[in-house]
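Oh and the sequence shown: position 120 is 119 in numbering that gives the first Met the number 0, straight run, nothing missing.
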Amino acid sequence: MERAQPRDGGGWIGARLESAEFRRLAAFIEAHCGIRMPASKRVMLESRLRRRLRSLGLVSFREYCDLALHDRAGIDERIHLVDAVTTNKTDFFREPQHFEVLVREVLPTLMRTSGAGVRCPLAVWSAGCSTGEEPYTLAMVLREVACGLPGFRFGILATDISTSVLTAARRAVYPERLIQPIPPGLRRKYLLKSRDGSRSLVRMGPELRQVVQFRRLNFMDTEFGLREPQDVIFCRNVMIYFDRATQERLLLRFCRHLAPGGYVFLGHSESINGLRLPLRQVAPTVYRHAGAA
0 MERAQPRDGG
10 GWIGARLESA
20 EFRRLAAFIE
30 AHCGIRMPAS
40 KRVMLESRLR
50 RRLRSLGLVS
60 FREYCDLALH
70 DRAGIDERIH
80 LVDAVTTNKT
90 DFFREPQHFE
100 VLVREVLPTL
110 MRTSGAGVRC
120 PLAVWSAGCS
130 TGEEPYTLAM
140 VLREVACGLP
150 GFRFGILATD
160 ISTSVLTAAR
170 RAVYPERLIQ
180 PIPPGLRRKY
190 LLKSRDGSRS
200 LVRMGPELRQ
210 VVQFRRLNFM
220 DTEFGLREPQ
230 DVIFCRNVMI
240 YFDRATQERL
250 LLRFCRHLAP
260 GGYVFLGHSE
270 SINGLRLPLR
280 QVAPTVYRHA
290 GAA
């Protein structure tokens, strides 16, 4: 067994992620999360998991694999493993043209064809919501629609596999430097500044927090547990981590949860070309269920 050596006030050096342990972890990550882990990711994985070894008092990645990949004993640690390997890069109003398409084209069509938003609440799902910037952006955009259309109702479901980012999203507190993409008028209307002037922090206002429901969801689960069909699904810059077969399976599951004529928004670098899906493109990286009237 490797003996770790303390460094920098108790940090560990010496533990190395060998090929055998990397293959074990990579196989689990792909099976559990759908995320491909080629050999080029080995150094990244070693770096991110070394903190878990320190926290658990382990001296080798072999010990870590034996713990994390154990059917029962590793249940709690697998949550930390998933948190360590998922990438959570997002911004407010990321790919802003999508929100323009949502307001200008998608919402009028849904209101006219299914009454979503007027006869019944519009159901929007932010799938892979990370630290909350996307669902809170959607909340601002839809609140503005409601201001101009009395009676307009909506709810937003926001999900992610990572418990740590969901905790941050529920807090809804962000450094001021991250809110620059939000238009000034919306900042004044919906964001709360910290009472402590020395802290450059803002919090999403209660009118935004109350319309977003956060929950943990793994795209690799066979059942998502969604009770109601979704009118709009945002799943942007998530599928780039999956192979094409996994992308197709995931999008087929999304389609099963779409209301008739519902829409799916993907990231700018994602495409459904070559996939067998009941979706047709209506705008760049925006798709509608082909069964729509």
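Heads up, the beta-carbon is just placed ideally off N, CA and C, and yes, glycines get one too.
Are at least three pairs of beta-carbons, each pair with one atom in the segment 75 to 84 and one in the segment 115 to 123, less than 8 Å apart? no
Identify the continuous beta strand (DSSP E) that holds Asp230 and give its terminal residues. Taking the first residue of the sequence shown as position 1, residue 230 is located at position 231. Gln229 to Cys234 is the extent of the beta strand (DSSP E) around Asp230.
Count Cβ pairs between the segment 178 to 192 and the segment 127 to 144 that sit closer than 8 Å; are there 3 or more? yes
Between the Cα of Leu207 and the Cα atoms of Ser199, Asn236 and Val172, which residue gives the shortest distance? For the purposes of this step, residue 207 is taken as the residue at position 208 of the sequence shown. Taking only the C-alpha atoms, the option nearest Leu207 is Val172.
Per DSSP, the bridge partner or partners of Tyr173: Working through the sequence shown from its first residue, we reach residue 173 at position 174. Answer is Val201, bridged to Tyr173.
For the beta strand (DSSP E) that contains Asp75, what are its first and last residues? Here the question's residue 75 lines up with position 76 in the sequence shown. Here Asp75 belongs to no beta strand (DSSP E); instead the alpha helix (DSSP H) covers Ile74 to Val84.
Report the three-state DSSP secondary structure of Ser125 (helix, strand or coil). Numbered from 1 along the sequence shown, position 126 holds the residue referred to as residue 125. Three-state DSSP puts Ser125 in a strand.
Can you confirm whether Glu175, when its beta carbon is compared against all beta carbons of chain D, has any partner nearer than 7 Å? As a matter of chain content, chain D is missing from the structure shown, which is built from one protein chain.
Hey, out of Gly73, Cys64 and Asn236, whose CA is closest to Ala19's CA? Sequence index remark: in the sequence shown, residue 19 carries index 20 (1-based). Out of Gly73, Cys64 and Asn236, Cys64 has the C-alpha closest to the C-alpha of Ala19.
What does DSSP give as the partner residue(s) for Ala279 in the beta ladder? Locating residue 279 in the sequence shown gives position 280, where the first residue counts as 1. For the record, residue 279 in the displayed sequence is Arg; it is not Ala. In the DSSP output, where bridge partners are listed per residue, Arg279 has Arg287.
Rounded straight-line distance, which links the Cα of Arg152 to that of Cys146: For the purposes of this step, residue 146 is taken as the residue at position 147 of the sequence shown. For the purposes of this step, residue 152 is taken as the residue at position 153 of the sequence shown. If I take the Cα positions, the gap works out to 11 Å.
The alpha helix (DSSP H) with Arg215 in it runs from where to where? In the sequence shown, the residue the question calls residue 215 occupies position 216. Counting along the chain, Arg215 falls outside any alpha helix (DSSP H), though it belongs to the beta strand (DSSP E) covering Val211 to Arg215.
Going straight from the alpha carbon of Val201 to that of Leu177, what length do you get? As a position in the sequence shown, residue 201 is number 202, starting the count at 1. As a position in the sequence shown, residue 177 is number 178, starting the count at 1. Whole-angstrom Cα-Cα distance: 10 Å.
Pairwise C-alpha distance: Gln246 and Lys40: Counted from its first residue, the sequence shown places residue 40 at position 41. Counted from its first residue, the sequence shown places residue 246 at position 247. Answer to the nearest angstrom: the Cα atoms are 20 Å apart.
Could you check whether Ile160 and Pro134 sit closer than 7 Å to each other, using their CB atoms as the reference points? Numbered from 1 along the sequence shown, position 135 holds the residue referred to as residue 134. Numbered from 1 along the sequence shown, position 161 holds the residue referred to as residue 160. No, these two residues do not count as a Cβ contact at 7 Å.
Is the distance from the Cβ of Leu250 to the Cβ of Thr158 below 7 Å? By 1-based counting over the sequence shown, the position of residue 250 is 251. By 1-based counting over the sequence shown, the position of residue 158 is 159. Contact: no.
DSSP-derived helix/strand/coil call for Asp159: Taking the first residue of the sequence shown as position 1, residue 159 is located at position 160. Three-state DSSP puts Asp159 in a strand.
Integer Cβ distance of Leu278 from Ala289, believed to fall under 8 Å: Here the question's residue 278 lines up with position 279 in the sequence shown. Here the question's residue 289 lines up with position 290 in the sequence shown. Yes, they are in contact, since the Cβ atoms of Leu278 and Ala289 sit about 6 Å apart, within 8 Å.
Between the Cα of Ala244 and those of His256, Glu76 and Leu276, spot the shortest distance and give me the residue it belongs to. As a working note, residue 244 is residue 245 in the sequence shown. Checking every option, the nearest Cα to that of Ala244 belongs to Leu276.
So, Gln229 versus Leu257, is the Cβ gap smaller than 7 Å? Position 230 of the sequence shown holds residue 229. Position 258 of the sequence shown holds residue 257. Against a cut-off of 7 Å, the Cβ pair of Leu257 and Gln229 comes out as a contact.
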